[in-house]
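Peer 1:
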Amino acid sequence: PGPIGSVIAPHGSHPNAPSPTSGAGGGSYFAESRKGEVNELRQLLKNFTIEKSQKRKRDVIKKVIMYMTLGIDVSRLFGEMMLAIETRDLVIKKMVYLFIGGYASHHPDLAQMCINSLQKDARSEDPTVRGLALRALLSLRVPQLVEYVADPLRQSLTDGHGYVRKTGVMGLLKLYHLDRAAFESENYVDVLYDMLRDSGNSCNRFRRCSTMGRFSAIPPSSAMISSST
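Residue numbers for the sequence shown follow this note's numbering, so the first one is 10 and each next one is one higher.
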């Protein structure tokens with residue numbers, strides 16, 4: 010196989026798309042070439058010298074993301090990418106979160122590997138990390154998702170940073186459509202309507218957000234209806 014980056018998927022390809030062929034045996038050669046380059050990326054991610062160089066590590070992870078967006082299956086690198094999330098480098102974290110979002114919904118078994126790391130990042134001192142980690146958690150498609158997102162989601166709604174609060178509100182909408190029973194069991198509907206009725210600045214910003222119109226589809230709970238009468 011050629012050097013990393015020499016195999017480029019056709020324009021408009023998507024993740025997990027079939028490989029193009031070029032005559033008899035062309036498809037198998039192309040697949041083997043890709044497999045070899047993905048294995049090379051795995052070795053680079055494990056390389057201790059690269060691990061010590063922030064720039065070189067970024068470059069390797071950028072190639073992983075590039076391959077993913079070009080339709081090359083790099084899900085086999087999930088374990089190595091999860092190790093890369095343990096860093097203070099926000100650029101690397103963002104790329105790993107993107108990787109998680111790209112594969113977690115199709116590989117729930119792999120998604121289980123990153124739950125602890127994402128929950129930890131959801132408690133980070135950096136509000137950007139907190140918000141991104143919450144978004145990544147909500148991208149998972151695992152059984153009993155609410156068990157893993159309930160605490161960080163509820164905490165995000167009263168976070169001191171607007172970005173995290175907004176991420177939390179949008180997370181409520183996503184959870185409502187993913188698992189309505191879980192949404193109702195956690196009384197999130199009451200929390201949401203309390204925020205909407207609050208006259209504070211943060212809620213005013215939520216009201217002005219164009220996405221807030223989507224919440225009109227979520228009816229208030231019976232408890233809230235009773236309290237308002």
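The beta carbon of each residue, even a glycine, is placed where N, CA and C say it ideally should be. Quantities reported herein were computed from a predicted structural model and do not represent experimental measurements.
1. Anyone know if the C-beta pair for residue 147 and residue 184 falls short of 8 Å?
2. Under a Cβ-count criterion, where at least 16 other Cβ atoms within 10 Å of its own Cβ denotes burial, should residue 73 be classed as buried or exposed?
3. Taking all protein chains shown into account, do 16 or more other C-beta atoms lie within 10 angstroms of the C-beta of residue 156, making it buried, or fewer, making it exposed?
4. According to DSSP, is residue 210 helix, strand or coil?
5. Measuring only the C-alpha atoms, how far is residue 65 from residue 53?
6. Would DSSP call residue 184 helix, strand or coil?
7. Between the alpha carbons of residue 181 and residue 80, how many angstroms are there, rounded?
8. If you drop the 5 nearest sequence neighbours on each side, which residues of the same chain put their C-beta closer than 6 Å to that of residue 150?
9. With a CB to CB cut of under 8 Å and the five nearest residues on each side skipped, what residues in its chain are close to residue 59?
10. Where does residue 107 sit, in a helix, a strand or coil, going by DSSP?
11. Please report the distance separating the alpha-carbon of residue 174 from that of residue 76.
Peer 2: A quick look at the data gives this:
1. yes
2. buried
3. exposed
4. Model confidence at residue 210 stands at a pLDDT of 49, short of 50, so the residue's coordinates are unreliable and nothing is read from them.
5. 9 Å
6. helix
7. 31 Å
8. 114 and 117
9. 53, 65, 66 and 69
10. helix
11. 33 Å
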